[in-house]
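Asks: So the sequence shown is numbered by the UniProt record's numbering: it starts at 1 and just counts up by one. Okay, here's the structure, questions in a sec.
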Amino acid sequence: MGFADFLKNLKKTRVQSSEQDMPSHWIKCPKCAALMYYKEVFAKNHVCLKCHYHFRIGASERLAFLCDENTFTEYDNELRPVDPLNFVDKESYKQRIKKYEAKTGRPSSVISGEGQINGIALQIVVFDFAFMGGSLGSVEGEKIVRAINRAVEKEQALLIVSASGGARMQESTYSLMQMAKTSAALNRLTEAKLPFISLLTDPTFGGVSASFAFLGDLIIAEPGAMVGFAGARVIKQTIGAELPAGFQSAEFLLEHGLIDMIVQRKDLKKTLSDLVGMLTENR
């Protein structure tokens, strides 16, 4: 092989290596544009090493860092959505469910069960935005209500981690009724004097934010989480007025008294266990 051929092959190898390496081994922060090795970001619970931007994470990853090892038990994973309206837009609702089940390995946008956080047992519900935008449907509502019932039965606290675009349009009124269903069920927790902690992550919108997400005894958000009911453009068109900069950010909501605290992801586990322990210590 001549030197010219060697250089040509070397260049080709570098290009192929770069193409293979960049998507899977390097992450670019959308906020500060820093380029970081993915293992370093994962080791920090998917938080930017430079500006502390909180990347979105899936439900399984969140449970892994929130719960003590091997303490989470999932319930109601056999529940599956039905298609009462035979809904079809670009594709049928049944096909969408199959597609997202293949993508995420589960038939719903919610994982619910019992786990321990620093040794304290509680009921936990976590939304997965990767499944149809974390939309709230009949199955999701039923899982939340069953988690509430277990919390009352076992005298435990309830934690709901929201990451949702809102109600699931393919189920129409069946989906919208989950807002009332879950809100009514939370009254049983109140009557039993058991705490409900609502954790808002990026994004939390629509029917979720308009119901149980803002009914927590304590409402916590991650830094930079976008929270609201409708999008900024829709609100601006509806009220015909200019909107404050960043009015749907967790920081804006905290400043105006709509949430109780913002907690860095690295501090969430300790904060949650401290709060649950304090709120249930006299039971």
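Note that beta-carbon positions come from the ideal geometry of N, C-alpha and C, so glycine has one too.
Tell me whether the beta-carbon of PHE214 lies closer than 8 Å to the beta-carbon of ILE144.
Replies: no
Asks: Going residue by residue through the stretch 94 to 160, where are the continuous beta strand (DSSP E) segments of at least 3 residues, counting only ones entirely within it?
Replies: Given a length threshold of 3 residues, each whole run of the beta strand (DSSP E) inside the stretch 94 to 160 is given here in chain order: 110 to 117, 120 to 127.
Asks: Counting Cβ pairs, one atom from each stretch, are 3 or more of them under 8 Å apart for the stretch 50 to 68 and the stretch 85 to 101?
Replies: no
Asks: Please state whether the Cβ-Cβ distance between ILE220 and LEU243 is less than 8 Å.
Replies: no
Asks: Let me confirm a value: SER249 is counted as buried when at least 16 other C-beta atoms fall within 10 Å, else exposed. Which label applies?
Replies: buried
Asks: What are the partner residues of SER211, as DSSP defines its beta bridges?
Replies: Answer is none; SER211 lacks a bridge partner.
Asks: For GLN20, count the other beta carbons within 10 Å of its own beta carbon; 16 or more makes it buried, fewer makes it exposed. Which is it?
Replies: Only weak support is given to the placement of GLN20: the predicted model assigns it a pLDDT of 45, under 50, and the value that follows is read from those uncertain coordinates. GLN20 should be labelled exposed.
Asks: As a quick exercise: from VAL41, ALA232, VAL82, pick the residue whose alpha carbon is nearest that of ARG265.
Replies: Checking every option, the nearest Cα to that of ARG265 belongs to VAL41.
Asks: Should ILE259 go down as buried or exposed, given a rule of 16 or more other Cβ atoms within 10 Å for buried?
Replies: buried
Asks: Look at the Cβ atom of ALA175, then the Cβ atom of SER138, and state whether they are nearer than 8 Å.
Replies: Going by the sequence as given, residue 175 is Ser instead of Ala. It is a contact, given that the beta carbons lie within the stated cut-off.
Asks: Step through the CB atoms of chain B and report whether any lies within less than 8 Å of the CB of ALA157.
Replies: Going by chain labels, chain B is absent from the structure shown, which holds only one protein chain.
Asks: Starting from LEU186, follow the beta strand (DSSP E) in both directions and report where the run begins and ends.
Replies: Here LEU186 belongs to no beta strand (DSSP E); instead the alpha helix (DSSP H) covers 173 to 191.
Asks: Which stretch, first to last residue, makes up the alpha helix (DSSP H) that contains LEU272?
Replies: 265 to 280
Asks: Does the stretch 104 to 118 come close enough to the stretch 182 to 195 that 3 or more CB-CB pairs lie under 8 Å?
Replies: The stretch 182 to 195, when compared against the stretch 104 to 118, does not touch it at the 8 Å Cβ threshold.
Asks: So, at 8 Å on beta carbons, what are the nonlocal neighbours of CYS67 in its own chain, with the 5 sequence-adjacent residues on each side left out?
Replies: GLY115, GLN116, ILE117, ILE124
Asks: May I have the straight-line CA-CA distance separating ALA167 from ALA130, to the nearest angstrom?
Replies: 15 Å
Asks: How about SER172 and GLY206: are their beta carbons less than 8 Å apart?
Replies: no
Asks: Just tell me which of LYS31, LEU218, MET132, ALA157 has its CA closest to the CA of GLY277.
Replies: Nearest of LYS31, LEU218, MET132, ALA157 to GLY277, Cα basis: ALA157.
Asks: Closest by CA to MET226, which one among LEU253, ASN70, ALA241?
Replies: The option with the nearest alpha carbon to MET226 is LEU253.
Asks: Name the two residues that bound the continuous beta strand (DSSP E) containing LYS50.
Replies: It is not in any beta strand (DSSP E) - LYS50 carries neither H nor E in the DSSP assignment.
Asks: How many whole angstroms separate the CB atoms of LEU194 and VAL152, which I take to be in contact at a CB cut-off of 8 Å?
Replies: 7 Å
Asks: Assign GLN237 to one of two classes, buried (16 or more other C-beta atoms within 10 Å of its C-beta) or exposed (fewer than that).
Replies: exposed
Asks: Alpha carbon to alpha carbon, how far is LYS28 from ARG14? Give it in angstroms, no decimals.
Replies: Because ARG14 carries a pLDDT of 45, less than 50, the predicted location of this residue cannot be relied on, and no value is offered for it.
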